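Asker:
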Amino acid sequence: MIRTTSIRIWERENRLGPPGDHKLPIADPGWGPNPEEERQNMRDYKSLIVRGIRESVPRGNNTKLAFDGSQEKDETPATWLNRLERNFQLYSNIDSDSPEGQVIIKLQFVTKSWPDIQRKLEKMEDWQEKSINELLKEALRVYLRREEEKARAKARIMVAVARESTGAAENQRNSSLKSREGGPRPSFKRAESPIVPPWPFETREDYWEAPNHLFWICGDTAYTKLPGDWSGSCTIGIIKPAFFVLSKRLGAHLGVPVYDNLGKVERKKRDTLTIGGDQNGKGKIWTPEEIIKTYGPATWAQDGSWGYRTPIYMLNRIIRLQAVLEMVSNRTALALDHISEQLTQTKAVIYQIRLAGDYLLADEGGTCGKFNSSECCLEIDDKSAVIKKHLKRNQKASLCGKSRVDSFNGHQLVE
């Protein structure tokens with residue numbers, strides 16, 4: 001029974017090929033793994049036996065599960081057809097590729113589709129004589145048209161809202177001008193919006209033009225006009241340049257940082273023993289992390305008065321940049337070092353997998369004999385030593401080491 005089913009499968013799919021008796025002989029054909037033709041016969045033999053076992057085993061007939069269910073609203077016609085064929089294959093003993101099976105699948109596909117698709121398919125002339133692919137193509141056309149209508153209705157509503165908001169703002173501005181000129185004060189009332197807004201932009205056969213000062217925004221691209229045969233999803237919006245406003249408040253983030261406490265405190269006369277301000281970091285050894293934590297990035301001076309602190313301020317920021325570069329270089333080297341070690345381990349695993357594959361496929365000539373590949377040599381270069389060498393050079397080039405901080409005339413100097 002299994003051999004008969006396997007022969008039927010082969011002759012059904014390979015009408016111009018050799019007969020099924022040659023692919024599924026009763027006596028030992030003496031095939032070997034080295035000749036290409038004999039190796040292909042062995043593959044076909046194994047595949048046909050497996051498929052014959054699957055199709056020859058009697059399946060339970062459950063009509064309720066085979067024909068239960070219908071297409072969901074947002075389910076594509078292709079997904080619905082695949083689900084229908086899957087249920088038919090699992091719970092029915094009828095071959096889905098046979099003429100009887102095709103008739104049943106077409107009937108279920110048409111009668112249990114979503115109502116708008118069902119109406120369109122039933123209006124087709126002699127739809128019972130159409131192939132399942134023709135019915136699927138027509139159903140997909142109805143489904144895509146439905147999505148286009150949704151996108152157009154959404155764009156219509158958004159454009160109407162934008163136009164109404166622009167008109168309301170213009171009326172309010174005109175009313176305000178009349179009030180300042182001595183005219184009657186305006187009375188603001190909520191505008192009544194129609195349930196179905198009118199088409200707010202000009203349409204022609206060759207293009208759709210957006211309203212004044214607005215654009216069609218489709219993804220990350222904006223257009224003033226869209227082609228007449230365009231279909232998709234876009235929205236109406238305004239384009240503004242990207243900018244930011246500097247704060248007017250002087251503080252820690254903008255302006256020159258204050259080195260000494262210059263508030264309203266009791267002042268005293270300085271002499272040569274007290275020169276140096278109120279800084280107390282003399283002789284302290286700072287790591288790059290402490291330098292970055294203490295000194296923030298260079299910022300703008302809003303009042304323009306840098307004074308005598310400019311050279312020291314800029315020097316400290318240059319030293320901070322050097323510390324940042326060293327930290328970034330060290331962390332990058334650490335990450336690449338981990339990747340290099342992982343690749344070395346991966347190389348060993350690949351060789352082990354290849355060895356296991358050659359062992360399991362030894363009867364068929366190993367991995368190379370199994371797939372008949374002319375480029376079967378496995379060689380993975382180990383570049384981990386070269387990578388580590390370059391990483392050490394980068395770390396050495398960006399090394400700034402620890403710095404000693406002294407104090408002079410009220411400013412911190414990092415050496």
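Residue numbers for the sequence shown, in UniProt numbering: 1 to 415. Think of the CB as a built atom: it goes at the ideal place given N, C-alpha and C, for glycine as much as any other residue. Remember, predicted model here, so these are calculated numbers, not experimental data.
Check each candidate in 114, 226, 288 and 23 and name the one with the smallest Cα separation from residue 318.
Answerer: 288
Asker: Work out the CA separation of residue 121 and residue 139 for me, nearest whole Å.
Answerer: 7 Å
Asker: Where does residue 149 land, buried or exposed, given buried means 16+ other C-beta within 10 angstroms?
Answerer: Label assigned to residue 149: exposed.
Asker: Thinking C-alpha only, which one of 353, 333 and 115 is nearest residue 397?
Answerer: In terms of CA proximity to residue 397, 333 leads the group 353, 333 and 115.
Asker: Name the one or two DSSP bridge partners that residue 237 has.
Answerer: 215
Asker: From the DSSP output, in three-state form, read off residue 209 for me.
Answerer: strand
Asker: Is DSSP giving residue 223 helix, strand or coil here?
Answerer: In the structure shown, the three-state DSSP call for residue 223 is strand.
Asker: Once DSSP output is grouped into helix, strand and coil, what is the label at residue 92?
Answerer: It is coil, neither helix nor strand.
Asker: When you compare only the Cα positions, how much space is there between residue 330 and residue 395?
Answerer: 6 Å
Asker: Closest to residue 88 by CA distance: which of 51, 77 and 106 is it?
Answerer: 106
Asker: Should the region 145–163 be regarded as contacting the region 228–240, the criterion being three or more beta carbon pairs within less than 8 Å?
Answerer: yes
Asker: Are the CB atoms of residue 206 and residue 228 within a distance shorter than 7 Å?
Answerer: One thing to note: residue 228 has its Cβ within 7 Å of the Cβ of residue 206.
Asker: Are three or more beta carbon pairs between the region 66–86 and the region 110–121 nearer than 8 Å?
Answerer: yes
Asker: At the level of alpha carbons, what is the spacing between residue 358 and residue 348?
Answerer: 16 Å
Asker: Please work out which residues of its chain come closer than 6 Å, Cβ to Cβ, to residue 23, disregarding the five sequence neighbours upstream and downstream, and give them in chain order.
Answerer: 10 and 44
Asker: Can you say whether residue 4 is buried or exposed, counting buried as having 16 or more other CB atoms within 10 angstroms of its CB?
Answerer: By the neighbour-count criterion, in which 16 or more other beta carbons inside 10 Å mark a residue as buried, residue 4 falls on the exposed side.
Asker: What's the gap between the Cα of residue 326 and the Cα of residue 218?
Answerer: Distance between residue 326 and residue 218, taken at the CA atoms: about 44 Å.
Asker: Measuring straight from C-alpha to C-alpha, what distance separates residue 135 and residue 70?
Answerer: 16 Å
Asker: With residue 33 and residue 364 assumed to form a contact (beta carbons below 8 Å), what rounded beta-carbon distance in angstroms separates them?
Answerer: With a Cβ gap of about 4 Å, residue 33 and residue 364 count as contacting.
Asker: Could you pull out every residue in the same chain whose Cβ sits closer than 6 Å to the Cβ of residue 216, ignoring the five residues on either side in sequence?
Answerer: 210, 223, 226 and 234
Asker: Between the C-alpha atoms of residue 387 and residue 346, what's the straight-line distance to the nearest angstrom?
Answerer: 16 Å
Asker: Less than 7 Å between the beta carbons of residue 48 and residue 6, yes or no?
Answerer: In this structure, residue 6 lies closer than 7 Å to residue 48 by Cβ.
Asker: Check residue 15 in the structure and name its three-state DSSP category.
Answerer: Of the three classes helix, strand and coil, the one that applies to residue 15 here is coil, per DSSP.
Asker: Applying the criterion that 16 or more other CB atoms from any shown protein chain within 10 Å of the CB defines a buried residue, is residue 385 buried or exposed?
Answerer: exposed
Asker: Closest to residue 51 by C-alpha separation, out of 91, 2, 322 and 38, would be which residue?
Answerer: Taking only the C-alpha atoms, the option nearest residue 51 is 2.
Asker: Return the CA-CA distance between residue 126 and residue 39, expressed in angstroms with no decimal places.
Answerer: 48 Å
Asker: Going by Cα to Cα distance, which pick from 123, 392, 145 and 315 is closest to residue 418?
Answerer: Residue 418 cannot be examined here, being either before or after the span of the chain that is shown, 1 to 415.
Asker: Nearest to residue 67 by CA position, among 75, 53 and 101, is which residue?
Answerer: Of 75, 53 and 101, the residue nearest in Cα terms is 101.
Asker: Runs of 3 residues minimum, wholly inside the UniProt domain "Core shell protein Gag P30" (21–143): which ones carry the beta strand (DSSP E) assignment?
Answerer: none
Asker: Under the three-state reduction of DSSP, which class applies to residue 10: helix, strand or coil?
Answerer: helix
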